[in-house]
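Residue numbers (the numbering used here), protein chains in the order written: chain A, 1 to 311; chain B, 1001 to 1311; chain C, 2001 to 2311; chain D, 3001 to 3311.
The structure under discussion appears below in the form of structure tokens.
There are 4 protein chains.
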Amino acid sequence: MLTEAASGVYVIAVTPFDDRGRIDEASTDRMVEFYRDCGVTGITILGMMGEAPKLDTEEAIAFSLRVVKRAGNLPVVVGVSAPGFASMRALSKAVMTAGAAGVMIAPPGNVRTDDQIAGYYDQCVAAIGADVPFVIQDYPLASGVQMAPSVIRRIVMAHPSCKMLKHEDWPGLEKINAVRGFEKDGSMRQISILTGNGGLFLDFEVERGADGAMTGYAFPDMLADVIRMQAAGKRDAAHDLFDAHLPLLRYEQQPGIGLAVRKYVLKRRGAIACAAQRIPASKLSKAAHEEVDYLLRRLAARDSRAAGLSG
Amino acid sequence: MLTEAASGVYVIAVTPFDDRGRIDEASTDRMVEFYRDCGVTGITILGMMGEAPKLDTEEAIAFSLRVVKRAGNLPVVVGVSAPGFASMRALSKAVMTAGAAGVMIAPPGNVRTDDQIAGYYDQCVAAIGADVPFVIQDYPLASGVQMAPSVIRRIVMAHPSCKMLKHEDWPGLEKINAVRGFEKDGSMRQISILTGNGGLFLDFEVERGADGAMTGYAFPDMLADVIRMQAAGKRDAAHDLFDAHLPLLRYEQQPGIGLAVRKYVLKRRGAIACAAQRIPASKLSKAAHEEVDYLLRRLAARDSRAAGLSG
Amino acid sequence: MLTEAASGVYVIAVTPFDDRGRIDEASTDRMVEFYRDCGVTGITILGMMGEAPKLDTEEAIAFSLRVVKRAGNLPVVVGVSAPGFASMRALSKAVMTAGAAGVMIAPPGNVRTDDQIAGYYDQCVAAIGADVPFVIQDYPLASGVQMAPSVIRRIVMAHPSCKMLKHEDWPGLEKINAVRGFEKDGSMRQISILTGNGGLFLDFEVERGADGAMTGYAFPDMLADVIRMQAAGKRDAAHDLFDAHLPLLRYEQQPGIGLAVRKYVLKRRGAIACAAQRIPASKLSKAAHEEVDYLLRRLAARDSRAAGLSG
Amino acid sequence: MLTEAASGVYVIAVTPFDDRGRIDEASTDRMVEFYRDCGVTGITILGMMGEAPKLDTEEAIAFSLRVVKRAGNLPVVVGVSAPGFASMRALSKAVMTAGAAGVMIAPPGNVRTDDQIAGYYDQCVAAIGADVPFVIQDYPLASGVQMAPSVIRRIVMAHPSCKMLKHEDWPGLEKINAVRGFEKDGSMRQISILTGNGGLFLDFEVERGADGAMTGYAFPDMLADVIRMQAAGKRDAAHDLFDAHLPLLRYEQQPGIGLAVRKYVLKRRGAIACAAQRIPASKLSKAAHEEVDYLLRRLAARDSRAAGLSG
């Protein structure tokens, strides 16, 4: 079960499809092993970059069960954000029964004031049960919801089952300090903070106090290395490695086509058999393909993991 | 099957729940009979006011099947808007197999340019099948999507299975003329136009060329009468009846609590056994209850259908 | 100077232009006299319906000075919402020097959390000065900002110069009770609450505790009468009068073209010489003109003030 | 006067203030010389990053005149986006009279459909005059307006005075190809395309066909070098230089505090005397200052221009 001690990389997994749009089960298994070999400490599925809304309920549950089973002792967090609590409850119950470690919930866009946000999470906990560990997803760029640090504290203090903040406000470095400050002044119990935003600020986020990353960059092994180096006090080496990846990481972080880049690189790395997305799908043009290949070749000169990956 | 000749009132049905939040099957049947007795020409279910997002997939299908079966020769339109095409396809297939007359689709908020809107409906038709009659739901206040008349024309001309526009732009009277103008100048084939917005402008919408209403005001019999009177050339009488209802209709059209008002009045009229909503639910305060009762008493003086309904 | 005892109708004034788009000074004077004769207790200028963004700074100041001078002992509130504090300060200073009673400020759309909203008003007061009486404009439909009752209390308690809430949340009846409840439980000093939204719910707003209306419906004399009747305990008579106007009031409340309706009726009533708006302007089609005339003729049968106004 | 042949770097200038919030005239002059020494080909003022909304009209005009005068033969583009056409016309007229090369206009957020966007620019040209060269600012992240390539073509073909597209859609690489494709297939005359988004994708944007950058990164000399190297066919060298700056450039591109970073670096480089912003101002925390200093030290190892800049 997910705890407030979680750290490292909880990779946002893609959902592998074949060329006809069916979930690719063999690739699902292979992907889990790939992530494990990358040194991740957890796997998050059915997030926004996991094409969750494109699955129907049965598929979502079947995919979750397969990942949980394969992951074994690797904890799996499942995104259960839904427009209504009936669907949220049903999916949450199904995946927790199957062995998921916890669930992740982002507020809908019409939830605005501090009271509304706190009240929304009250309703979520009533729906999924107070025994299900959950993650607050704080992603204003996608959700439109601005969550003040004091609101995060309210949710954490109201619900012992809140174990983690997925932090992807932007800019968000000061927010990490603010939340950690509540822990230091004793006004909030400690929780895990993992950061998102495609990893674009991970180099500094861990210096500010984040416990790690929850994002899906196609080199999660790099993310894990940066976190480990920082923990070991090797600041410059951590930045050197991060900066080597930044041109590609930035390219992958583009809204929309970023997922196509990510799946393409994961395919080149052997994690999945096919880079296809379900419609509505973003696609890489010939020029974009060449740009990714160029970035991979440049990266290979600085990180051997990228050697031989360009198309 | 839904055709472009559809007219009259396609009432937006509520979803009846009991006090514990379960779908009330007996009330579902009773509600269908109530609407039939009101003189509606069709029923629309799983719309925004039908609490569709609060149902899980199984419930949505079961509810649809029950309504379709009970409705008999009364056509049923089912809202199938969904964040992904897999869910849309699954729900659409299930309800059409069960005998629904057609489906209704609103675009998601991230679809913005004319090309994106037209392209979105292309993908919808690919997902649900070109043989499934569908309704364009044009509701900018809720969806955030502004659909120009020329875009509606593009969709209609690209897809013979588009049979109807649910028009609830606001202000929208000129849009009715614009779309009807395309039919007159031969640039677009004829479709059915039913109007929404809680009926707030129905008095003039039918004069502008709408074929009727698709909305859920708790007196759909009044809506049907107004449409019939206008068709019969009784303009002043139609406005007299409409104006008598306007204070209550306006009150019911409030975002959020409007549905609580509607369910309360439907319960008073005997259409459903319980006014409860699933959470997140809007609730009527004591003051609001008294206001609705006051409006009903005032209405009773001008329309006998409201006699004896106040709490 | 504006105080918390303000009540009645603070009419949202239009800005009169001639056919060439110049401010019509003679009509400005005439309009002030018209409003005075309607029994308003104050005038609000440069609001959203006053086409404020279409004036340049010099024009805005000149127009304000003219209205203030003509209004004499009738208090004038000036909308000074601006994207930056420099403009807000400059306009506020100019109009207060000229004799305005206070200013009105709505938050910009990027202000979201409770702290951000309260902090924004702190900055406003720093900019305009703590001696300038101000009105909080709470209009989520236009601003996108959801202001919880507790945030309104924070602003009121932090700033003695906050004298009034312009309430146009929708639905908003419960919010009036919530704010009045703070006064009753002693957690907030009393302020004036005037309501907007085109007057669409004025009948019940005054029953809930509002002190009056701040809106621009073209029959402000009706609004004043309704408020007076309610204060005198003549509830049914107040609703009868309100309901007689509701069909037109609803028509005038349409976003965009509502202002064209309002200016047309004000011209028919002799308040201004010309109904033109500055671009970007909404225009009434021939059909819309006829609809307004029809509504005026119907109204004339129930309120003699509308007699002879249709085109 | 601005022409479609414009290329290179049109730097988005900051507005220098002193510690008391007054415009710093000496720094204004010094900044223009700094930018000139960096090799920019033009200067853009009163953009979003120029704190334009914080200036009142008089200040905006005075600042524009000073920059234009000092810039001499360096073309100056002035942002004139405004909520109303009266202000847009007044500012445009004042700066063009003073010798500005052209103006830049972004659409307001309520302009949505293709027709509305094209119509809005028709009204702009009517307001500022058909003889004033203008730039379309296409920045959906800030404006909320999605502008399809075909709409850009409509504006360009309708208005000979449209000389440039400031491209900052994101992702936007394919959009450059789409617009250039219209030129190649003869359906659109050629215009200048300069890119924004803080330069985050400049490395590939120039490869896709952009003529340069219009952005304000604190090392505009780097931007100019990258564009020059790419034009000279030195692709790898261009990317090497760009990648060396990417960690800082990414840091500066954060919404809100990015401007504080930019002004801090510009101050360190001697371009301005004081990094202060007018309120509402973003501020750098101690931790953020140290991070920028760390990034500058790391940059200095790869680009001597950064030597000795850290605090």
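Backbone N, C-alpha and C define an ideal beta-carbon position, used for all residues, glycine too.
Check, Outcome
"Go through the stretch 2010 to 2062 of chain C residue by residue and report every complete run of the beta strand (DSSP E) that reaches 3 residues or more, in order.", "2042 to 2045"
"For chain C, is any of its Cβ atoms less than 8 Å away from the one on T113(A)?", "yes"
"Identify each residue in the stretch 1278 to 1291 of chain B for which the Cβ-Cβ distance to at least one residue of chain A is less than 8 Å, and report them in chain order.", "R1278, I1279, P1280"
"Can you tell which of K267(A), L295(A), R305(A), P149(A) has its C-alpha closest to the C-alpha of D24(A)?", "K267(A)"
"Under 8 Å, do D240(A) and G39(A) count as touching if we go by C-beta distance?", "no"
"Which one of M2214(C), E2207(C), D2243(C) has the shortest CA to CA distance from A2232(C)?", "E2207(C)"
"What residue from R2298(C), V2103(C), A2118(C) has the CA that sits closest to I2128(C)'s CA?", "V2103(C)"
"Just to make sure I have the definition right: I need the residues of chain A whose C-beta is within less than 7 Å of the C-beta of L3200(D). Which are they?", "R250"
"In three-state terms, what does DSSP make of T2097(C)?", "helix"
"At the 8 Å Cβ level, is A2158(C) part of the contact set with chain A, yes or no?", "no"
"Against chain C, which members of the stretch 98 to 130 of chain A pass a CB distance test of less than 8 Å?", "R112, T113, D114, D115, Q116"
"Step through the CB atoms of chain A and report whether any lies within less than 8 Å of the CB of I3257(D).", "yes"
"Could you spell out the range, first to last residue, of the beta strand (DSSP E) harbouring C162(A)?", "162 to 167"
"Evaluate I3105(D) with the Cβ neighbour count: other Cβ atoms within 10 Å of its Cβ, from every protein chain shown; 16 or more gives buried, anything less gives exposed.", "buried"
"Which residues in chain C have a C-beta closer than 8 Å to the C-beta of A148(A)? List them in chain order.", "T2113, D2114, D2115, Q2116"
"With 7 Å as the C-beta to C-beta threshold (strictly closer), list the residues of the stretch 2067 to 2100 of chain C near chain D in chain order.", "P2083, G2084, F2085, A2086, S2087, A2090"
"Just the C-alpha distance for D225(A) and A237(A), rounded to the nearest angstrom, thanks.", "10 Å"
"How about P1016(B) and G1042(B): do their beta carbons lie closer than 8 Å?", "no"
"Determine which residues share a DSSP beta bridge with V3077(D) and list them.", "T3044(D), G3102(D)"
"How close, in whole Å, do the beta carbons of L3194(D) and Y3035(D) come, if the pair is a contact with beta carbons under 8 Å?", "Incorrect: roughly 15 Å between the Cβ atoms, too far for contact."
"Around the C-beta of L1141(B), are 16 or more other C-beta atoms found within 10 angstroms, so that it is buried, or is it exposed?", "exposed"
"Check the Cβ-Cβ distances between P1247(B) and every residue of chain C, and say whether any is below 8 Å.", "yes"
"Taking the DSSP output, what are the residues bridged to Q2230(C)?", "Partner(s): none; Q2230(C) has no beta bridge."
"CA-CA distance, Y2294(C) and F1204(B)?", "11 Å"
"Does DSSP put I2193(C) in a helix, in a strand, or in coil?", "strand"
"If contact is defined by three or more beta carbon pairs under 8 Å, each pair taking one atom from either stretch, is the stretch 1292 to 1306 of chain B in contact with the stretch 1055 to 1068 of chain B?", "no"
"Please classify S2192(C): is it buried, with 16 or more other beta-carbons within 10 angstroms of its beta-carbon, or exposed?", "buried"
"Please name the residue, chosen from Y217(A), Q146(A), P160(A), R154(A), that lies closest to A130(A) on a Cα-to-Cα basis.", "P160(A)"
"Take A2306(C) and list the residues in its own chain whose beta-carbon comes closer than 6 Å to its own, dropping the five residues that flank it on each side.", "L2296, L2299, A2300"
"Can you check whether the C-beta of K2318(C) is within less than 8 Å of a C-beta belonging to chain D?", "There is no way to answer for residue 2318(C), as the model of chain C reaches only from 2001 to 2311."
"Can you find a CB in chain D that lies within less than 8 Å of the CB of L46(A)?", "no"
"If we define contact as Cβ-Cβ less than 8 Å, is F204(A) a contact residue for chain D?", "yes"
"For a contact meaning CB atoms closer than 7 Å, what does L2299(C) contact in chain B?", "In chain order: nothing, as chain B lies at least about 10 Å away."
"When the Cα atoms are used, what is the spatial distance from V3014(D) to I3045(D)?", "7 Å"
"Note down, in chain order, every chain B residue with its Cβ under 9 Å from the Cβ of N2177(C).", "S1285, A1287"
"So, using beta-carbon positions, are I3152(D) and L3173(D) closer together than 8 Å?", "no"
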